[in-house]
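J.: Quick one: this structure, given as structure tokens, is what I'll be asking you about.
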Amino acid sequence: MPDFLLEIGTEELPASFVDSAIAQWQEKIKNHLESEYLQPKKINIYGTPRRLAVLIEGIADKQLDREEEIKGPPVSAAYKDGQPTKALEGFTRKQGVSMDEVEVKTTPKGDFIFVNKKFVGQNTPEILQQLIPQWITGLEGRRFMRWADGDLRFPRPIRHLVALWDKDILPLQLPNGNTTIKGDRFSTGHRILHPEEITIENAKDYKTSLEKAFVQVDVNERHESIKKQIQEIAQKVGGKAEIYPDLLAEVTNLVEYPTAILGSFEAEFLQLPPEVITTVMVTHQRYFPIKDEKGALLPYFITIGNGDPQKSDIIATGNAKVIRARLADAQFFYQADCDEHLETYLPQLENVTFQEDLGTMYDKVNRILAISQQISEQLNLDEIQKAEIESTASLCKADLVTQMVYEFPELQGVMGEKYALVSGESAAVAKGIFEHYLPRNADDIMPHTLNGQVVGISDRLDTIVSIIGLGMIPSGSSDPFALRRSANGIINIAWHGNLSINLTQLIEQACNDFLAGHNQESPLQTVTDFFLQRIETLLQDELNIDYDLVNAVLGEGDEEYKQRALSSVLDVRNRALFLQEIRNNGTLGNIYETVNRSTKLAKKGGLNTTELVPENVVNSILFESNSEEELYKALEKLLPISQKAKANSDYHLLTNALVDIAPTISNFFDGDDSVLVMAEDESVKENRLNLLGLLRNHSRILADFGAIVK
263 MPDFLLEIGT EELPASFVDS AIAQWQEKIK NHLESEYLQP KKINIYGTPR RLAVLIEGIA
323 DKQLDREEEI KGPPVSAAYK DGQPTKALEG FTRKQGVSMD EVEVKTTPKG DFIFVNKKFV
383 GQNTPEILQQ LIPQWITGLE GRRFMRWADG DLRFPRPIRH LVALWDKDIL PLQLPNGNTT
443 IKGDRFSTGH RILHPEEITI ENAKDYKTSL EKAFVQVDVN ERHESIKKQI QEIAQKVGGK
503 AEIYPDLLAE VTNLVEYPTA ILGSFEAEFL QLPPEVITTV MVTHQRYFPI KDEKGALLPY
563 FITIGNGDPQ KSDIIATGNA KVIRARLADA QFFYQADCDE HLETYLPQLE NVTFQEDLGT
623 MYDKVNRILA ISQQISEQLN LDEIQKAEIE STASLCKADL VTQMVYEFPE LQGVMGEKYA
683 LVSGESAAVA KGIFEHYLPR NADDIMPHTL NGQVVGISDR LDTIVSIIGL GMIPSGSSDP
743 FALRRSANGI INIAWHGNLS INLTQLIEQA CNDFLAGHNQ ESPLQTVTDF FLQRIETLLQ
803 DELNIDYDLV NAVLGEGDEE YKQRALSSVL DVRNRALFLQ EIRNNGTLGN IYETVNRSTK
863 LAKKGGLNTT ELVPENVVNS ILFESNSEEE LYKALEKLLP ISQKAKANSD YHLLTNALVD
923 IAPTISNFFD GDDSVLVMAE DESVKENRLN LLGLLRNHSR ILADFGAIVK
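Using the working numbering, the letters of the sequence shown correspond one by one to residues 263 to 972.
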């Protein structure tokens with residue numbers, strides 16, 4: 263079977279677009295071919311800075327002839343008084359069949375009109391001519407551009423198209439204003455090593471032809487080649503390269519013929535904090551650092567060249583000059599910053615705007631400090647811990663106005679820790695300044711120090727309340743202030759650090775403080791609902807709790823459970839995990855039927871959801887059966903157990919007690935002495951509903967069993 267090649271030759275594409283385009287094509291092209299009943303042996307997607315290509319191996323010359331059954335309107339709409347309706351006439355006209363070709367078939371939804379339609383297979387090259395423009399114009403990405411006088415949009419101008427059906431050129435045209443890009447067999451080699459045009463004689467020869475022209479079109483091969491070259495060079499200087507995945511992915515798509523090049527700089531620069539050196543290398547220069555066996559930086563770097571390997575020494579010298587200048591600047595900034603105590607930078611925060619309606623970073627620091635102090639009180643911290651957290655909160659943003667962070671914003675927090683230590687602050691305060699930014703993304707580490715945890719929660723909560731207070735609520739995929747990530751961070755920090763924070767109180771106070779300075783409606787309800795949504799998402803997506811168990815701990819429209827969840831984010835997590843555990847080990851199944859049945863019936867009564875004491879709401883004089891007396895006594899025994907379980911959050915204790923009482927409840931419902939709960943006598947009915955209401959209330963200490971699906 264034939265092979266097909268499509269190559270789009272462009273000016274240098276953004277590195278991030280190459281990977282994105284390959285991923286899009288892998289899905290799009292496969293789906294398009296399947297929809298056309300074409301299943302090739304293999305689809306290869308290639309990409310470099312100057313081209314995107316697809317090589318489809320072993321594709322049929324044409325579609326197979328096929329017959330397809332097409333469903334039409336229901337018979338009731340197809341005929342009226344035995345005559346065809348406009349609906350049926352329209353259907354037959356659309357399908358190109360006569361009335362004689364339709365037939366009636368019975369389906370689960372009734373009788374419908376059907377036709378069996380035969381399709382003659384279309385030639386594959388004709389199908390590809392229709393699909394290829396969609397593959398090109400259907401790619402999505404940022405910062406697309408137009409060029410010349412046309413309306414065609416792509417990340418960079420398209421300069422040529424290669425379209426080969428085996429050895430033959432597939433007639434293909436891509437119009438763009440007054441010019442038309444036509445498919446041919448001519449491609450380009452490496453811009454420096456093979457600037458001449460190359461001819462591809464056969465689609466299957468694509469990779470070989472490009473390799474001869476010093477172009478590695480396979481992204482994975484370039485990726486592995488770069489990794490191998492990097493480590494080989496690092497070993498020559500007795501070190502090991504630090505290969506950052508994101509950086510490796512970026513440089514892979516910046517070169518067509520990679521050459522790893524070793525460079526060096528003066529050892530005196532190693533006196534700088536290692537984070538500064540690696541930031542200069544990785545973020546600003548796209549170099550790979552080299553470390554010794556103990557993890558210390560060596561005065562070397564590796565860059566990936568895309569030029570003539572014979573000129574690697576010249577390239578290394580040029581790159582060394584660049585990094586030397588950058589490190590010299592960093593050295594100056596560092597020394598100048600260290601000459602001042604970190605605290606002296608605080609007044610300068612009044613010149614940095616946080617948000618135009620929310621004041622300066624100095625104002626934000628004061629709000630962070632206030633929330634941090636409230637959390638310290640909630641956690642019952644001692645005076646030493648409170649003082650350290652206060653220092654951390656006060657200094658957490660001071661490094662934003664240092665020269666180093668002004669030049670290298672990526673180092674915020676990192677330099678705050680360094681400068682705090684230089685200024686004589688404790689290690690706990692310094693580490694807290696760095697950690698209050700953690701986690702910075704979904705894959706980042708969590709803060710481990712109490713200082714970092716408390717100040718990190720405070721910083722995020724202030725942002726959430728303030729931004730939502732201004733009415734800028736995240737919607738859909740739009741979340742410019744990353745409020746969802748901030749809320750997730752707060753909850754995860756509390757869970758990771760086992761911090762018994764009361765979010766309800768923190769949110770209320772933050773909202774009150776916001777209203778004191780703004781003439782706005784209170785954001786309290788919106789912020790509350792926002793956090794509940796995040797807790798629900800995290801329980802399901804990160805902790806893998808079944809959806810109904812999440813509903814059971816958060817309550818379906820139950821304000822009591824909502825407040826309880828926010829009042830103790832640790833408890834809501836622990837209850838959800840416990841429910842999942844007892845579902846998995848079968849314990850939940852042992853109590854589900856009786857507790858769930860009781861819960862549903864209890865709704866028909868008037869007992870509140872907090873009462874636990876039988877003698878307060880049940881009149882034993884109204885008992886007509888031993889099963890009522892037995893249930894009453896069982897509830898009396900359950901009372902101290904539930905109270906202890908609630909006080910200590912000991913849900914094993916409560917569940918064991920519910921397992922023990924289950925036979926008594928079953929007897930109440932279905933035993934020899936069972937009763938009719940909905941008795942005709944209103945007093946007896948209410949008494950029995952109160953018995954069930956008490957059981958429901960005991961089980962509510964754990965969850966709303968009415969929300970659980972068996």
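Heads up, the beta-carbon is just placed ideally off N, CA and C, and yes, glycines get one too.
Arg328 bridges to which residues according to DSSP?
T.: On the sequence shown, position 66 is the one that residue 328 refers to. Answer is Phe381, bridged to Arg328.
J.: Sorted by chain position, which residues of the same chain lie with C-beta nearer than 7 Å to Leu401's C-beta, five sequence neighbours on each side aside?
T.: Reading the sequence shown from its first residue, position 139 is the one you call residue 401. Same-chain partners within the cutoff: Ala283, Gln286.
J.: Determine whether the Cβ of Leu874 lies closer than 8 Å to any Cβ atom of chain B.
T.: Given the protein chain composition of this structure (a single chain), no chain B is represented.
J.: Between the beta-carbon of Ala511 and the beta-carbon of Leu267, is there less than 8 Å?
T.: Working through the sequence shown from its first residue, we reach residue 511 at position 249. Working through the sequence shown from its first residue, we reach residue 267 at position 5. No, Cβ-Cβ distance for Ala511 and Leu267 is not below 8 Å.
J.: Please return the same chain residues whose Cβ sits closer than 6 Å to the Cβ of Ser685, not counting the five positions on each side in sequence.
T.: Looking up residue 685 in the sequence shown gives position 423. For Ser685, where only same-chain residues beyond five positions count, the Cβ hits under 6 Å are His603, Leu604.
J.: Below 8 Å between beta carbons: does that hold for Val280 and Asn515?
T.: Along the sequence shown, read from residue 1 onward, the residue named residue 280 stands at position 18. Along the sequence shown, read from residue 1 onward, the residue named residue 515 stands at position 253. Taking 8 Å as the Cβ cut-off, Val280 and Asn515 qualify as a contacting pair.
J.: Once you ignore the five residues that flank Val717 on each side, which residues in its own chain have a CB closer than 7 Å to its CB?
T.: Taking the first residue of the sequence shown as position 1, residue 717 is located at position 455. For Val717, where only same-chain residues beyond five positions count, the Cβ hits under 7 Å are Ile630, Ser634, Ile651, Thr654, Ala655, Cys658, Gly694, His698.
J.: Do Gly501 and Lys223 count as a contact pair if the criterion is CB distance below 8 Å?
T.: In the structure as shown, the chain begins at 263 and stops at 972. Residue 223 is therefore absent and cannot be evaluated.
J.: Helix, strand or coil: how does DSSP classify Asp706 here?
T.: Position 444 of the sequence shown, counting from 1, holds the residue named residue 706. Coil, per DSSP.
J.: Closer than 6 Å by C-beta to Pro709: which residues in its own chain qualify, once you throw out the five before and the five after it? Chain order, please.
T.: As a first step, residue 709 is located in the sequence shown; it is residue number 447 there, counting from the start. Excluding sequence neighbours, Pro709 sits near Glu697, Leu700, Gln715, Gly718.
J.: Where are the beta strand (DSSP E) runs, 3 residues long or more, that stay fully inside the segment 418-449, in chain order?
T.: 420-427, 435-438, 441-446
J.: Quick one, which of Glu351, Glu319, Gln636 has its alpha-carbon nearest Thr386's?
T.: Residue numbering aside, residue 386 sits at position 124 when the sequence shown is read from its first letter. Minimum Cα distance to Thr386 is reached at Glu319.
J.: Taking only runs of the alpha helix (DSSP H) that begin and end inside the segment 811-862, which ones reach a length of at least 4 residues, in chain order?
T.: 821-829, 831-846
J.: Quickly, what does DSSP pair Arg313 with across the bridge? List them, please.
T.: Residue numbering aside, residue 313 sits at position 51 when the sequence shown is read from its first letter. Gly271, Thr310.
J.: What do you get for Thr470, buried or exposed, if any count of 16 or more other CB atoms within 10 angstroms of its CB means buried?
T.: Walking along the sequence shown from the start, residue 470 turns up at place 208. Thr470 comes out exposed.
J.: Is the CB-CB distance between Leu765 and Val831 below 8 Å?
T.: Reading the sequence shown from its first residue, position 503 is the one you call residue 765. Reading the sequence shown from its first residue, position 569 is the one you call residue 831. Contact flag set, yes.
J.: Anyone know if the C-beta pair for Ile462 and Gly451 falls short of 8 Å?
T.: The residue given as residue 462 occupies position 200 in the sequence shown. The residue given as residue 451 occupies position 189 in the sequence shown. No, the Cβ-Cβ distance between Ile462 and Gly451 is not below 8 Å.
J.: What number of angstroms, rounded off, separates the C-alpha of Leu839 from the C-alpha of Ser762?
T.: Reading the sequence shown from its first residue, position 577 is the one you call residue 839. Reading the sequence shown from its first residue, position 500 is the one you call residue 762. The alpha-carbon atoms of Leu839 and Ser762 are separated by roughly 17 Å.
J.: For a test of the three-state rule: what should DSSP assign to Leu953, helix, strand or coil?
T.: Reading the sequence shown from its first residue, position 691 is the one you call residue 953. DSSP places Leu953 in helix when its eight states are reduced to three.
J.: Quick one: measure Cβ to Cβ for Phe930 and Ser889, integer angstroms, because I've assumed they're closer than 8 Å.
T.: As a first step, residue 930 must be located in the sequence shown, where it is residue number 668. As a first step, residue 889 must be located in the sequence shown, where it is residue number 627. Between Phe930 and Ser889 the beta-carbon gap is near 4 Å, inside 8 Å, which marks them as a contact.
J.: Using 8 Å for Cβ pairs, my map puts Pro276 next to Pro395. What's the rounded Cβ distance?
T.: Within the sequence shown, the letter at position 14 stands for residue 276. Within the sequence shown, the letter at position 133 stands for residue 395. No, Pro276 and Pro395 are not in contact; Cβ-Cβ is about 22 Å, not under 8 Å.
J.: In the segment 534-568, which residue ranges form an unbroken beta strand (DSSP E) of at least 3 residues, counting only runs that do not cross its ends?
T.: Those beta strand (DSSP E) runs which fall completely within the segment 534-568 and span 3+ residues are 550-553, 559-567.
J.: Please confirm if the segment 585-605 is in contact with the segment 532-542, defined as three or more CB-CB distances below 8 Å between the two stretches.
T.: yes
J.: What residue from Ala941, Leu897, Phe550 has the CA that sits closest to Pro925's CA?
T.: Walking along the sequence shown from the start, residue 925 turns up at place 663. Among Ala941, Leu897, Phe550, the Cα nearest to that of Pro925 is on Leu897.
J.: Just checking my contact of Leu423 with Leu414 at CB under 8 Å: how many whole Å lie between their CB atoms?
T.: Along the sequence shown, one-based indexing puts residue 423 at 161. Along the sequence shown, one-based indexing puts residue 414 at 152. Actually they are not in contact, since the Cβ atoms of Leu423 and Leu414 sit about 12 Å apart, beyond 8 Å.
J.: Between Arg447, Asn293, Arg484, which lies nearest to Tyr468 when the distance is taken from Cα to Cα?
T.: For the purposes of this step, residue 468 is taken as residue 206 along the sequence shown, with counting starting at 1. Nearest C-alpha to Tyr468: Arg447.
J.: So, at 7 Å on beta carbons, what are the nonlocal neighbours of Pro264 in its own chain, with the 5 sequence-adjacent residues on each side left out?
T.: On the sequence shown, position 2 is the one that residue 264 refers to. Once the five neighbours on either side are set aside, the close Cβ partners of Pro264 are Ile321, Asp323, Trp427, Asp428.
J.: Can you find at least 3 beta carbon pairs, one from the segment 561-579 and one from the segment 611-625, that sit closer than 8 Å?
T.: no
J.: Less than 8 Å between the C-beta atoms of Ser904 and His960, yes or no?
T.: The residue labelled residue 904 in the question sits at position 642 within the sequence shown. The residue labelled residue 960 in the question sits at position 698 within the sequence shown. Cβ atoms of Ser904 and His960: closer than 8 Å.
J.: Could you give the distance in angstroms between the alpha-carbon of Lys865 and the alpha-carbon of Met677?
T.: Position 603 of the sequence shown, counted from the first residue, corresponds to residue 865. Position 415 of the sequence shown, counted from the first residue, corresponds to residue 677. Here the alpha carbon of Lys865 sits roughly 59 Å from the alpha carbon of Met677.
J.: With distances taken Cα to Cα, identify the nearest neighbour of Glu363 among Pro370, Lys371, Lys333, Val382.
T.: Taking the sequence shown and counting its residues from 1, the one referred to as residue 363 is at position 101. Considering only alpha carbons, the answer is Lys333.
J.: Count the CB pairs spanning the segment 483-499 and the segment 519-528 that are closer than 8 Å, and state whether there are at least three.
T.: yes
J.: Excluding the five sequence neighbours on either side, which residues of its own chain have a C-beta within less than 7 Å of the C-beta of Ser928, listed in chain order?
T.: Taking the first residue of the sequence shown as position 1, residue 928 is located at position 666. Counting only Cβ-Cβ distances below 7 Å, and skipping sequence neighbours, we find Thr856.
J.: Skipping 5 residues on each side, what residues in its chain have a beta carbon closer than 6 Å to that of Ile807?
T.: Sequence index remark: in the sequence shown, residue 807 carries index 545 (1-based). Leu801, Ala838, Gln842.
J.: Which value, in whole angstroms, describes the spacing of the CA atoms of Leu805 and Val971?
T.: Counting from one through the sequence shown, the residue named residue 805 turns up at place 543. Counting from one through the sequence shown, the residue named residue 971 turns up at place 709. Taking the straight line from one Cα to the other gives about 19 Å.
J.: If distances are taken between C-alpha atoms only, which option among Gln493, Gly525, Lys290, Ala592 comes closest to Pro536?
T.: As a working mapping, residue 536 is identified with position 274 in the sequence shown. Residue Ala592 is the option with its Cα nearest to Pro536.
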